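First residue of the sequence shown? That's 21 in our numbering, and the numbers climb one at a time after it. For every residue, glycine included, the Cβ atom is placed at its ideal position computed from N, Cα and C. It should be emphasised that the depicted structure is a prediction, and the values quoted were computed from it without experimental measurement. Written out below as structure tokens is the structure these notes cover.
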Amino acid sequence: MLPKVNQFLFLHVASSDEEEAAIEYKSRIADSDNDELLIDIPLVEGTGKYKRLFLGDELSAHFISEDGVKNYFNTHVLGFKEDGVKLIRIRKPEPESITKVQRRNFLRVAAELEIAIQLSANIRFIGMTDDVGGGGISFLVDGKWPMKQGTNLECWLLLAYRNGSVDHSHFKAEIVRVKPLESGRNQVMAKFSSILDSERQRIIRYCFERQLDFRKR
């Protein structure tokens, strides 16, 4: 059973910040085609606060069928469309991927990868990730670098695949949380604010490979 036009979707956005990831947003399906759903900008019920989504954001969604059953699926943002009002394009789920059980396990894996970070025209440095995913990353950097919530970064992530090949993924990210560590370094959690789908797919490919490695242990 697929969600239908004018049905409401209830969404959680993948985030390294647990508080942000726990917020539930409500949206309406405005249109549908073979591979996509077009939805209104999500908002928090009761507050009227809208949620700005970015290309590549991962979403945990559910809709309620006529018999009152919650149907869950995971999806991601494909882009945007102006049709009088701004609509968000998300991947339509495959019928077999829709379940009665909530799956909040977004595709994030523990990984130590080198990441080049540009903070401004004159500030560029290297960090090391501690987890990566299709919606964002968490990385460790020296405490001397000015990391603050809301800061925008330009990043190049070095990806090493199982077949020995190496690739880079380029994206822009927004810091959502900074956690000082006893070591003097900062753990920085960031979500993608601008990323091409091809770049995001490189990261997701890496995550799938890592998941396979973990399952074999």
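Is the distance from the Cβ of residue i to the Cβ of residue j below 8 Å?
i      : j      : result
ARG111 : GLU44  : no
ARG197 : GLY76  : no
ILE143 : THR171 : no
TRP176 : ILE135 : yes
LEU178 : HIS190 : no
PRO115 : LEU22  : yes
Decide if residue i is buried, meaning its Cβ has at least 16 other Cβ atoms within 10 Å, or exposed.
i      : result
MET167 : buried
ASN125 : In this predicted model, ASN125 has a pLDDT of only 48, less than 50, meaning its place in the structure is not dependable; the value taken from the coordinates is given anyway. ASN125 should be labelled exposed.
THR149 : buried
ALA130 : exposed
LEU79  : buried
LEU107 : buried
ALA81  : buried
VAL25  : exposed
VAL97  : buried
PHE83  : buried
VAL186 : exposed
Taking the alpha-carbon positions, what's the residue i to residue j distance?
i      : j      : result
GLY147 : SER214 : 20 Å
ASN94  : ASP53  : 18 Å
ALA42  : PHE28  : 18 Å
ILE138 : ILE223 : The sequence given here places Gln at residue 138; Ile does not occur at that position. Distance between the alpha carbons of GLN138 and ILE223 is about 19 Å.
ALA50  : LEU133 : 40 Å
HIS32  : ILE118 : 16 Å
LYS71  : ILE59  : 12 Å
LYS199 : ASP87  : 44 Å
ALA34  : CYS227 : 15 Å
VAL161 : ALA180 : 20 Å
ARG230 : GLY68  : 39 Å
ARG109 : GLU39  : 25 Å
ASN183 : PRO113 : 30 Å
SER140 : GLU65  : 37 Å
VAL92  : SER85  : According to the sequence provided, residue 92 is Tyr. The question's Val does not apply to it. Whole-angstrom Cα-Cα distance: 11 Å.
ARG225 : SER218 : 11 Å
ARG48  : ASP151 : 32 Å
GLY99  : GLN169 : 25 Å
Quick one: measure Cβ to Cβ for residue i and residue j, integer angstroms, because I've assumed they're closer than 8 Å.
i      : j      : result
GLY163 : GLY204 : 5 Å
LYS120 : LYS90  : 7 Å
LEU46  : LEU73  : Just to set this straight, residue 46 is Lys in the shown sequence, not Leu. Wrong, their Cβ atoms sit about 13 Å apart, outside the cutoff.
LYS192 : LEU173 : 7 Å
Quiz item: Can you find at least 3 beta carbon pairs, one from the region 147-164 and one from the region 199-213, that sit closer than 8 Å?
Solution: yes
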